[in-house]
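Report on the following structure.
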Amino acid sequence: GLSGEEMAALLKRLGLEAPSSHISAGRLDADFEGEAAFLKTIGAKYAVLPYYEMKTDEDALAAAELFERYALAFQEHGLVFAYHNHGHEFEKGESGKYFMDLILEHAPHVMLELDLYWVQYAGVDVAAYIQKWQDRIVMLHIKDIENMETKRCVDAGTGMLDFAALRDLATHSEYAIYEQEEYDVSCWDSAEKSFEHMKGIF
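Note that the numbering used here gives residue 43 to position 39 of the sequence shown, counting from 1, and the numbers run on in steps of one.
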């Protein structure tokens, strides 16, 4: 509910930076120019679409066409458009390709904020996927997964993802963004533990 100017002032007062913001497709369609202006006012570089429904190859190709339009429009504002994945983008349609691959193949200006948890959750080789699309991955979404049996979200560094190795593969990634959705004690304890682990890596 804050204006761009209010958010910029708040970030400055707290000593924080906002390199990106998650924006729904509904917001982009309703007020694209307003969202672009907001991002520029707060000093962000990336506009990130955090979710988009797709169940077939046709859905993925339609998404690619839409995302490419967003990307080119943001480019005119000096901003970069990226997509944040979940697990459903790694399902396959009749083509035998992941929906995520179809999007990236057909939308050359679309970048990725790759959520590592969801790639692993989908049973995809995270390291291999980063290597395949490393020139398109501009941010790593850091979220650890306990194992493939429980698939619980756990403190960074206590699960099965090797963040240091994945960082080295993501040669074009500019930011690492931490998120956690489940906690053994509290979100504050988890954030502190995760920070202690990650500060030596990132």
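Every residue, glycine too, gets a C-beta built ideally from N, C-alpha and C. Since the structure is predicted, the reported quantities are computational estimates derived from the model, not experimental observations.
Put residue i into one of helix, strand or coil per three-state DSSP.
i	result
Ala-22	coil
Asp-61	helix
Tyr-74	helix
Tyr-102	strand
Ala-132	helix
Leu-116	strand
Met-164	coil
Phe-206	coil
Ile-141	strand
Ala-51	strand
Asp-193	helix
Ala-86	strand
Tyr-125	helix
Please determine, among the options, the residue with the shortest C-alpha to C-alpha distance to residue i.
i	options	result
His-201	Leu-118, Asp-166, Leu-14 and Glu-185	Asp-166
Gln-79	Lys-44, Tyr-121, His-110 and Ala-67	Lys-44
Ile-46	Arg-156, Leu-6, Glu-183 and Ala-66	Leu-6
His-88	Trp-122, Ala-66 and Ser-99	Trp-122
Thr-175	Trp-192, Trp-137, Glu-37 and Ala-66	Trp-137
Ala-75	His-90, Lys-49, Trp-192 and Gly-91	Lys-49
Glu-69	Ser-194, Glu-109 and Phe-42	Glu-109
Leu-173	Ile-141, Pro-112 and His-90	Ile-141
Here's the rule: buried if 16 or more other CB atoms are within 10 angstroms of the residue's CB, otherwise exposed. What is residue i?
i	result
Lys-59	exposed
Gln-135	exposed
Asp-119	buried
Leu-32	buried
Leu-116	buried
Val-130	buried
Leu-170	buried
Glu-39	buried
Glu-2	A query on residue 2 cannot be resolved here, the shown segment of the chain reaching from 5 to 206 and no further.
Ordered along the chain, which non-local residues of its own chain (more than five positions away) have a Cβ less than 8 Å from that of residue i?
i	result
Lys-96	Tyr-102 and Phe-103
Met-164	Gln-124, Asp-148, Ile-149, Glu-150, Asn-151 and Met-152
Using C-beta distances below 7 Å, list every residue in its chain close to residue i, excluding the 5 sequence neighbours before and after it, in chain order.
i	result
Lys-197	Asp-159
Ile-205	Phe-167, Ala-168 and Arg-171
Glu-185	Cys-157
Ala-77	Phe-36
His-81	Ala-40 and Lys-44
Report all residues from its chain with a CB closer than 6 Å to the CB of residue i; omit the five preceding and five following residues, and keep chain order.
i	result
Ala-180	Leu-144, Ile-146 and Phe-206
Query - Inter-stretch contact (C-beta, 8 Å, three-pair minimum) for the stretch 25 to 34 and the stretch 53 to 66 - result: yes
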